[in-house]
Amino acid sequence: AQSVTQLDSQVPVFEEAPVELRCNYSSSVSVYLFWYVQYPNQGLQLLLKYLSGSTLVKGINGFEAEFNKSQTSFHLRKPSVHISDTAEYFCAVTGSARQLTFGSGTQLTVLP
Amino acid sequence: GAGVSQSPRYKVAKRGQDVALRCDPISGHVSLFWYQQALGQGPEFLTYFQNEAQLDKSGLPSDRFFAERPEGSVSTLKIQRTQQEDSAVYLCASSPRQGRGMNTEAFFGQGTRLTVV
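Chains as they are written, first to last, in our numbering: chain A, 3 to 114; chain B, 884 to 1000.
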């Protein structure tokens, strides 16, 4: 079985400040890890993914994430956020199952 | 079209009514998934198709839910005798890959928001 925990349901941050959205996963097999962003009334857009190799993954819109196998974490970071980054962010994992298993999401709100 | 298209975007159904939700995947995509996203939650898996074959329907919450993809392209998710707990956004995703790598290139539609009143 695989599962994902997003520890923070809401993260408010001021514009141009750094942000970290936390994600922990559990799986009995090796995993692929993903971060998706969802804007209001929109579908999911892939930000970045970890498949193998370098544990630091860079994605779109200046986001990056680091895979930490020992801590079973895949935290998302951005050094300086913009108002336009306000959205819901979902961490997801796929391992032994075909489908993606998603966390419950983190609402990032960037304040002016 | 260029992406995964879902219709209708919004659907209001009276309790007990049957509904049909449509997904047009990206042309040529082999794999197709349906997910259910309740308010304030992450998407949860419903069912998976590889071409026209429904290989996994373990996530369908009850026998009122039925999905098909008869020609390996367009898919329909049907919900019979809708109930209030069926209110959610239903997302469709397609991928050109199959096997473990399919989710590495998954594209999501904008979803259908179903409200049962």
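In this text, a Cβ means the ideal position worked out from N, Cα and C, and glycines have one as well.
Rounded to the nearest angstrom, the gap between the Cα atoms of G105 (chain A) and E968 (chain B) is 20 Å.
The beta-bridge partner set that DSSP reports for T7 (chain A) consists of A:N26. Not one beta carbon of chain A lies nearer than 7 Å to the beta carbon of Y973 (chain B).
Taken atom to atom, the span from the alpha-carbon of P926 (chain B) to that of Y38 (chain A) is near 11 Å.
Of A:V83, A:N43, A:P42, A:T7, the smallest CA-CA separation from Y27 (chain A) is found for A:T7. The alpha-carbon of R952 (chain B) is positioned some 38 Å away from that of G64 (chain A). V31 (chain A): not part of any beta strand (DSSP E); DSSP gives it neither H nor E. Between the beta-carbon of V83 (chain A) and that of V31 (chain A) there is about 34 Å, and that puts the pair past the 8 Å contact cut. Partner residues in the beta bridge of F948 (chain B), as assigned by DSSP, are B:I962. Looking at A:S54, A:S75, A:V95, A:Y41, the one whose alpha-carbon comes closest to that of E22 (chain A) is A:S75.
The beta-bridge partner set that DSSP reports for D939 (chain B) consists of B:Y931.
Close partners of Q924 (chain B) in chain A (Cβ separation under 8 Å): S106, G107. A straight-line Cα-Cα distance of about 21 Å links V112 (chain A) and K60 (chain A). In this structure the stretch 81–98 of chain A does not touch the stretch 901–917 of chain B; the number of beta carbon pairs closer than 8 Å is below three. Between the alpha carbons of K940 (chain B) and R898 (chain B) lies a distance of about 24 Å.
The beta carbon of N986 (chain B) sits closer than 7 Å to some beta carbon of chain A.
Look at G994 (chain B): its C-beta is under 7 Å from a C-beta on chain A. Annotation: Cβ neighbours of D939 (chain B) in chain A (cutoff 7 Å, chain order): R100. Assigned with DSSP and collapsed to three states, D901 (chain B) falls in coil, not helix or strand. V913 (chain B) and A921 (chain B) have their C-alpha atoms spaced approximately 27 Å apart. Minimum Cα-Cα distance from R100 (chain A) among the listed residues B:G886, B:G994, B:F932 corresponds to B:F932.
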